[in-house]
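Read the structure below first, then the notes.
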Amino acid sequence: QNMTSVRSFTQHSYASSFNTFLVDQQSNRLYVGATNAIFILNLTSVTMDPFKNKCYNYIRILKAWNDTHLFACGTYAFDPHCAYIRIFDSVNTTESRVQGKEKGRGKCPFEPMQPFAATLADQVLYTATTTDFQGKDPAVVKSMGPQEKIRTEDTIKWLNGEIL
1 QNMTSVRSFT
11 QHSYASSFNT
21 FLVDQQSNRL
31 YVGATNAIFI
41 LNLTSVTMDP
51 FKNKCYNYIR
61 ILKAWNDTHL
71 FACGTYAFDP
81 HCAYIRIFDS
91 VNTTESRVQG
101 KEKGRGKCPF
111 EPMQPFAATL
121 ADQVLYTATT
131 TDFQGKDPAV
141 VKSMGPQEKI
151 RTEDTIKWLN
161 GEIL
């Protein structure tokens with residue numbers, strides 16, 4: 001392994017828990033979801049975009065929505081929210097990136113360290129998470145898209161069983 005290809009960037013004091021990543025090979029960027037921020041890094045030079053969304057939450061979902069937007073969800077201080085984030089060709093822009101903020105219940109966990117899964121297919125979000133603050137109502141949820149939101153009932157019985 002050639003360590004000369006490893007680069008780093010300066011961590012900011014307001015951000016931690018860098019645990020959600022999305023690589024966009026078309027734009028040669030790495031989107032990093034952290035606590036209190038979403039970072040946009042250029043994969044060629046590892047320079048950081050000046051956009052710092054001080055949202056004071058844990059970014060748990062970061063998905064490519066289309067060619068112009070990302071879809072991001074975070075715990076938002078135990079009140080999950082999601083937003084569409086505009087992707088610009090230039091990293092040096094002063095335009096607002098956050099667009100279309102919405103409630104994230106059933107899409108994103110309330111708790112920063114709570115296990116969950118999410119995938120986006122044809123602009124429909126599928127998640128397996130808890131839908132309540134106490135983490136006692138797990139569900140598999142299909143949200144967004146042209147049809148109504150659908151979720152499982154009594155999921156705890158089969159999530160804890162031998163089916164999975």
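Heads up: the sequence shown at position 95 corresponds to 95 in full-length UniProt numbering, and the numbers run straight through without jumps. Ideal placement from N, C-alpha and C gives every residue a C-beta, glycine not left out.
Neighbour-count burial assignment, residue i, 16 or more Cβ in a 10 Å radius
i	result
Pro-115	exposed
Gly-135	exposed
Phe-39	buried
Phe-133	exposed
Pro-50	Only weak support is given to the placement of Pro-50: the predicted model assigns it a pLDDT of 48, under 50, and the question is left unresolved by the model.
Pro-146	exposed
Identity of the residue in the options nearest residue i by Cα
i	options	result
Asp-24	Pro-138, Leu-41, Ala-34 and Gly-100	Leu-41
Ser-16	Asn-28, Ala-34, Leu-30 and Leu-22	Ala-34
Thr-131	Gln-147, Arg-105 and Pro-112	Arg-105
Asp-79	Gln-123, Lys-107 and Asn-28	Lys-107
Ala-72	Thr-119, Phe-88 and Glu-111	Thr-119
Three-way DSSP call (helix, strand, coil) for residue i in this model
i	result
Arg-105	coil
Lys-149	coil
Arg-60	strand
Lys-142	strand
Phe-110	coil
Tyr-76	coil
Arg-29	strand
Asn-42	strand
Ile-85	strand
Thr-68	coil
Extent of the continuous beta strand (DSSP E) run through residue i
i	result
Gly-135	From DSSP, Gly-135 is part of no beta strand (DSSP E); its letter is neither H nor E.
Phe-21	16-24
Arg-97	Run containing Arg-97: none; DSSP gives neither H nor E here.
Thr-119	117-121
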